[in-house]
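Quick note on numbering: the UniProt record's numbering labels position 13 of the sequence shown as 13, and the sequence is numbered without any gaps. What follows is a single structure, written as structure tokens, with notes after it.
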Amino acid sequence: RSLCGAPRPADTKEEKIQNYAEIALVEVEKQSNSSYKHRLVNILEATTQVVAGELVKLKLQVEHDEQQEDGSSVV
């Protein structure tokens, strides 16, 4: 049983989560000082939390220039 308002695991294959990951990747690109484009490799973890709206936390695996990095993003 989960508590009301507590974070809950989300299905990383769900379309809504996939869309949020793409939005997060756009934000990573905006904030990056790199000249390389980032590409989403995998959504490692996702949680949702209903507060005054919905808080979605993602742990993403991205790559650029054939190097992989793990990172977290809140959208």
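Idealized CB from N, CA, C, for every residue including glycine.
Under DSSP, residue 46 shares a beta bridge with 58. Contact annotation: the segment 26-39 does not touch the segment 11-18, with fewer than three C-beta pairs closer than 8 angstroms. Secondary-structure assignment with DSSP links residue 40 through a beta bridge to 62.
The alpha-carbon of residue 52 is positioned some 13 angstroms away from that of residue 6. When rounded, the separation of the alpha-carbon atoms in residue 62 and residue 54 is 24 angstroms.
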